[in-house]
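Enquirer:
Residue numbers (our numbering): 1 to 95.
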């Protein structure tokens with residue numbers, strides 16, 4: 001003889017038994033009313049994460065552009081330095 005036990009799940013928010021749904025993300029059980037609230041909470045967290053991602057991406061792009069500009073300045077300084085050295089050598093050999 002087989003015995004089957006049915007485990008009654010309770011909503012983690014209100015403790016009600018009927019109509020519980022298990023969230024695949026957090027593995028918690030919610031009633032019909034609170035599953036909608038939980039979904040909204042997860043949606044807000046995703047929106048916040050997306051905003052953080054966008055801000056980080058923007059910051060990274062700005063930093064990359066600044067680094068590119070910095071590299072350009074270093075290149076100009078190196079060229080100026082080489083031209084100055086060449087002029088000094090030229091003047092020194094003519095003296």
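From the three backbone atoms N, C-alpha and C, an ideal C-beta is built for every residue, glycine too. A quick note: this is a predicted structure, and the numbers were derived from the prediction, not measured.
Going by DSSP, name the residue or residues bridged to residue 21.
Expert: For residue 21, which the question treats as bridged, DSSP gives the partners 30.
Enquirer: Report the rounded CA-to-CA distance for residue 46 versus residue 83, giving the unit in angstroms.
Expert: Rounded to the nearest whole angstrom, the C-alpha separation of residue 46 and residue 83 is 55 Å.
Enquirer: So residue 25 and residue 42 are supposed to be a Cβ contact under 8 Å. How far apart are they, rounded?
Expert: Approximately 7 Å separates the beta-carbon atoms of residue 25 and residue 42; this is inside 8 Å, confirming the contact.
Enquirer: What is the rounded straight-line gap between the Cα of residue 32 and the Cα of residue 51?
Expert: 29 Å
Enquirer: With a threshold of 16 other CB atoms inside 10 Å of the CB of residue 85, please say whether the residue is buried or exposed.
Expert: By the 10 Å Cβ count, residue 85 comes out exposed.
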